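This report refers to the structure that appears directly beneath it.
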Amino acid sequence: MSAEEVSPPSPRRSRIVTTAALYFLLVFAVGLVLGPIRVLWLEPVFGQTIAVLCETPFLIGAMWFAARWTPRWTKLDGGWLSFAAVGLLALIFQQLADLAVGFGLRGMTLSDQLAFFATPPGYIYAADLILFAVAPIFARRRLIAADQDATPPAA
1 MSAEEVSPPS PRRSRIVTTA ALYFLLVFAV GLVLGPIRVL WLEPVFGQTI
51 AVLCETPFLI GAMWFAARWT PRWTKLDGGW LSFAAVGLLA LIFQQLADLA
101 VGFGLRGMTL SDQLAFFATP PGYIYAADLI LFAVAPIFAR RRLIAADQDA
151 TPPAA
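Position 97 of the sequence shown, counted from 1, bears residue number 97 in our numbering, the numbering being contiguous throughout.
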């Protein structure tokens with residue numbers, strides 16, 4: 001296969017990947033700030049479940065902001081499938097990063113990380129992950145509505 005036969009990625013595909021990476025990075029950065037607060041300060045006082053519940057609204061806020069802002073910044077257009085791809089790809093990035101943090105910083109095995117999902121805090125975290133994956137789809141609906149409201153009526 002020659003270099004001429006290899007086509008560069010389409011602009012839409014590049015925008016999806018860029019949007020997903022940026023969405024992931026923004027939310028993960030918030031999680032990196034909140035994680036030590038949850039683990040070091042909240043969990044010893046309130047327990048793991050309450051600590052995760054305290055962290056969740058901040059993560060949802062970061063998801064809401066990032067899911068609305070990143071497609072505008074990257075000029076992502078397209079249907080709901082493009083935005084679903086952003087959420088799914090960002091979730092893959094997030095899970096890879098979560099595994100890396102678990103292995104590297106917390107000394108957790110894959111079994112430990114998977115077992116966490118079978119606990120009450122794990123249920124909350126799983127719900128957060130589902131919301132993380134679908135937030136770009138809901139943000140698209142809001143972006144469309146905002147664009148329609150901003151469009152002046154035809155004369």
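Where is the CB? At the ideal position from N, CA and C, for every residue including glycine.
Only a predicted model underlies this, so the values are computations on that prediction, with no experimental measurement involved.
**Report entry** Candidates L53, F83 and I16: closest to R141 by CA position
**Finding:** F83
**Report entry** CA nearest to the CA of P120, picked from V39, W69, V52 and V33
**Finding:** V52
Query raised in the report: Hey, R68 and A127: beta-carbon distance below 8 Å or not?
Result: no
Query raised in the report: Which of the three DSSP states, helix, strand or coil, is assigned to A62?
Result: helix
Query raised in the report: Where P57 and T109 are concerned, what is the direct C-alpha to C-alpha distance, given to the nearest angstrom?
Result: 28 Å
Report task. Select from F46, A62 and A20 the residue whose C-alpha is nearest the C-alpha of L34. Result -> A62
Query - Host alpha helix (DSSP H) of D98 (start-end) - result: W80 to G104
Query - Supposed close pair I137, G87 - CB separation, criterion 8 Å - result: 6 Å
Requested in this report: Use the C-beta contact count for P36: other C-beta atoms within 10 angstroms, 16 or more gives buried, fewer gives exposed.
Outcome: exposed
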